[in-house]
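Comments concern the structure below.
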Amino acid sequence: MTYQIINDNCLNVLQNKLIKHNIDLAFLDPPFNQNKEYAYHNDNMNEDKYWSMMTDVCKLVFDLTNNGGAIYFMQREKNTEYVLACLRKTGWFLQNLIIWKKKTSAVPVAGKYGKHYQIIAYATKGEKAKTFNRLRIEPPLPPNYKYQRENGVFLTDVWDDIRELTSGYYAGNEAIRKENGERFHKQQTPLALLVRIILSSSKVGDWILDPFAGTGTTLCVSYQLQRNSIGIEIDPINTELMKKRLDVIREEDLIQKYYKDYICTENLSEIWGSECEVQSETKLIQPLMFKS
Ligand SMILES: C[S@@+](CC[C@H](N)C(=O)[O-])C[C@H]1O[C@@H](n2cnc3c(N)ncnc32)[C@H](O)[C@@H]1O
1 MTYQIINDNC LNVLQNKLIK HNIDLAFLDP PFNQNKEYAY HNDNMNEDKY WSMMTDVCKL
61 VFDLTNNGGA IYFMQREKNT EYVLACLRKT GWFLQNLIIW KKKTSAVPVA GKYGKHYQII
121 AYATKGEKAK TFNRLRIEPP LPPNYKYQRE NGVFLTDVWD DIRELTSGYY AGNEAIRKEN
181 GERFHKQQTP LALLVRIILS SSKVGDWILD PFAGTGTTLC VSYQLQRNSI GIEIDPINTE
241 LMKKRLDVIR EEDLIQKYYK DYICTENLSE IWGSECEVQS ETKLIQPLMF KS
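Here the sequence shown is numbered in our numbering, starting from 1 and rising by one per residue.
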């Protein structure tokens, strides 16, 4: 399996057709334009400009995607209408609006309900997905249930079992840290989220694109699931980290621990790729520390 890391603005790369492979699955986790600190990106853009840029990215990714290929576009819930419009305008067919319910307490907001989820719009190029593996999970039984389920349940569009990497102690060891203990990247996505997306919407050997790759979570999971991947990241410091993260997989980044969560899924070993091979391919394991 190969992975390619590109340090550039994703619009440049996509507009200039620098990607030579057709894509089967794209994951978009852009900055949400909420005035967060990014070294190489203005996260406080005029709304129209921001959504025009997102529309361009969605269109360029669409053009690069194989028929039936998928896009997963993550955003904060207040932008749902823009995300849906952006996908519709650029030709994508909406399959699900996934609710990723957070594990930590809701963010209180005056005058309305507290915020407790993020959205992930899942859409395909054409009405029929080229690949959609119906995963089965085993959520805890509700208290009034008498009998254990025999075979889990199909995954739905509400995901409440994946913990976000918050800035607090919950971030645990999965969050990459600087030497002073601060998180390297405040928006690092949990591996478990990418495991779910990649298992659902791709096959072994497929090509996966992340135009806003950050710390490279998508590439790290794709590699271990035997998919090829391309990550584009504008910030050279993040890009360097991504290279190191992929070059030497940390113990915290190993994804074998999630295999059992999907054990009731038909053909899981085929969807996952050979377990043994992945383990033997896994390179040296060591902690990843960065100077502050
Ligand atoms: C929300 S973060 C992605 C985090 C990522 N999912 C992870 O697990 O680390 C968005 C990333 O997009 C990068 N970025 C912003 N504008 C970009 C652009 N035009 N092209 C490529 N990368 C960009 C930022 O530097 C940031 O690292």
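Just so it is clear, CB atoms sit at the ideal spot from N, CA and C, and this is done for glycine as well.
Residue i vs residue j beta-carbon contact at 8 Å
i, j, result
"Lys112", "Ala106", "no"
"Thr189", "Thr217", "yes"
"Val221", "Leu191", "yes"
"Tyr82", "Lys102", "no"
"Trp159", "Trp100", "yes"
"Lys130", "Asp48", "no"
"Lys128", "Gly68", "yes"
"Ile232", "Cys10", "yes"
"Leu28", "Val57", "yes"
"Met1", "Arg227", "yes"
"Leu254", "Leu225", "no"
Beta carbon proximity, residue i to chain D, threshold 8 Å
i, result
"Trp92", "Within the model displayed, chain D is absent; a lone protein chain is all it includes."
Residues near residue i by beta carbon distance below 6 Å, same chain, minus five either side
i, result
"Leu14", "Leu60"
"Ala26", "Val61, Ile71 and Leu209"
"His21", "Trp207"
Counted within 10 angstroms of its Cβ, other Cβ atoms place residue i as buried (16 or more) or exposed
i, result
"Asp261", "buried"
"Ile162", "buried"
"Tyr40", "exposed"
"Val109", "exposed"
"Pro30", "buried"
"Gln301", "What the structure shows of the chain is the stretch from 1 to 292, and residue 301 is not part of that stretch, so it cannot be assessed."
"Thr104", "exposed"
"Gly181", "exposed"
Minimum C-alpha distance to residue i - residue among the options
i, options, result
"Ile98", "Asp247, Asn173, Asn42 and Thr80", "Thr80"
"Asn66", "Asp161, Cys264, Met74 and Trp92", "Trp92"
"Ile6", "Tyr82, Ser229, Lys186 and His185", "Ser229"
"Tyr259", "Arg250, Ile271 and Val153", "Ile271"
"Glu37", "Lys186, Thr215 and Leu165", "Lys186"
"Ser269", "Tyr223, Gly214, Thr239 and Val204", "Val204"
"Asn151", "Met74, Asn16, Arg227 and Glu266", "Glu266"
"Arg76", "Gln34, Met45 and Ser202", "Gln34"
Chain-order list of residues whose beta-carbon lies under 8 Å from that of residue i (same chain, five-residue window excluded)
i, result
"Arg306", "This structure cannot speak to residue 306, because the chain is shown only from 1 to 292."
"Lys283", "Confidence in Lys283 is poor, its pLDDT being 42 and thus under 50, which makes the residue's placement too unreliable to answer from."
Close-in-space but distant-in-sequence residues of the same chain around residue i (CB under 7 Å, 5 per side omitted)
i, result
"Phe154", "Arg134 and Arg136"
"Leu165", "Ala171, Glu174, Ala175, Gln188 and Pro190"
"Cys264", "Arg136, Glu138, Asn151 and Gly152"
"Thr215", "Ile176, Phe184, His185, Gln188, Asn238, Leu241, Met242 and Arg245"
Taking one C-beta from the segment 207-221 and one from the segment 141-149 each time, how about it: are there three or more such pairs within less than 8 Å?
With the cut-off at 8 Å, the segment 207-221 and the segment 141-149 do not touch.
Can you find at least 3 beta carbon pairs, one from the segment 87-98 and one from the segment 122-130, that sit closer than 8 Å?
Taking 8 Å as the limit for Cβ pairs, the verdict is that the segment 122-130 does touch the segment 87-98.
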